[in-house]
């Protein structure tokens with residue numbers, strides 16, 4: 001079936017199967033920053049925005065995106081680069097496999113939460129798994145990026 005979507009401000013017609021997940025569709029159309037990790041909605045690697053809200057693309061059927069705006073990390077490069085500098089300054093960058101999904105979640109959190117506490121940040125980021133770190137550096141970077149000291 002054919003669906004029309006807007007990906008990173010570009011209108012597109014996509015050919016999808018009725019049981020196809022958004023992560024597979026996006027990767028099929030060249031959006032390789034959208035990673036496949038657990039395929040169970042548990043790790044956050046596949047996070048994209050659907051109408052400006054973070055969703056797990058491995059558990060979202062592509063047909064649910066019909067007529068909607070999809071944003072991948074390619075669509076928010078300036079903001080992603082800005083946050084990445086905070087990660088680097090805190091020594092929190094690691095292998096980078098989880099970074100696109102993690103960054104998409106952090107950018108969404110910055111839009112959604114105003115003056116969050118550390119507990120708010122930790123709660124919002126629950127579900128973003130990283131196998132390289134203990135999250136301490138990442139949490140420091142997120143707090144500084146969010147203006148929480």
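Residue numbers (UniProt numbering): 1 to 149.
Every residue gets a Cβ at the ideal spot worked out from N, C-alpha and C, and that includes glycine.
- In this structure, residue 63 lies near residue 1, with their beta-carbon atoms less than 8 Å apart.
- In this structure, 101 is the residue among 16, 101, 61 and 90 with its C-alpha nearest to the C-alpha of residue 76.
- Under DSSP, residue 21 shares a beta bridge with 61.
- In this structure, residue 118 keeps its C-beta atom at 8 Å or more from the C-beta atom of residue 89.
- The beta carbons of residue 65 and residue 73 sit no closer together than 8 Å.
- In this structure the segment 83 to 97 does not lie against the segment 10 to 24, because fewer than three pairs of beta carbons, one per stretch, are closer than 8 Å.
- By the CB criterion at 8 Å, residue 58 and residue 41 fall inside the cutoff.
- Nearest in C-alpha terms to residue 7, of all of 122, 124, 136 and 71, is 71.
- The beta-bridge partner set that DSSP reports for residue 14 consists of 3.
- Out of 84, 9 and 67, the CA that lies nearest to the CA of residue 140 is found in 84.
- The Cβ atoms of residue 104 and residue 47 sit closer than 8 Å to each other.
- For residue 19, the CB contacts under 8 Å within the same chain, skipping 5 residues up- and downstream, are 61 in chain order.
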